[in-house]
Amino acid sequence: MMEKQSNDPLHGVTLKMMLTELVDHYGWGELGKRIDIRCFTHDPSMGSSLTFLRKTPWARDKVDELYLRWKLEKS
Numbered sequence: 001m002m003e004k005q006s007n008d009p010l011h012g013v014t015l016k017m018m019l020t021e022l023v024d025h026y027g028w029g030e031l032g033k034r035i036d037i038r039c040f041t042h043d044p045s046m047g048s049s050l051t052f053l054r055k056t057p058w059a060r061d062k063v064d065e066l067y068l069r070w071k072l073e074k075s
């Protein structure tokens, strides 16, 4: 049997993986400029940011969007 391929470009990418890559690439300061949310601009940490993003769909959508744009630019 053939396995169905997912059309979702984020398939298999966890929020933690996305955030880690974005922070490694942009740093907290630039990430806070690109996505103006308090967990990125005031005493940022991976744990507090992940907690906030998991509870806040609009913020998670902004992170997903930035991650996808960055990945497309890299290609």
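Here the UniProt record's numbering is used: position 45 in the sequence shown is 45, and no number is missing along the way.
For glycine and all other residues, C-beta sits at the position ideal for the given N, C-alpha and C.
Membership of G12 in any alpha helix (DSSP H) is not indicated, and neither H nor E is assigned to it by DSSP.
The beta carbons of L66 and L19 sit no closer together than 8 Å. Under the 10 Å beta carbon count, S45 is surrounded by fewer than 16 other beta carbons and is classified as exposed. Distance between G32 and R60, taken at the CA atoms: about 14 Å. Annotated three-state conformation of T56 is coil, per DSSP.
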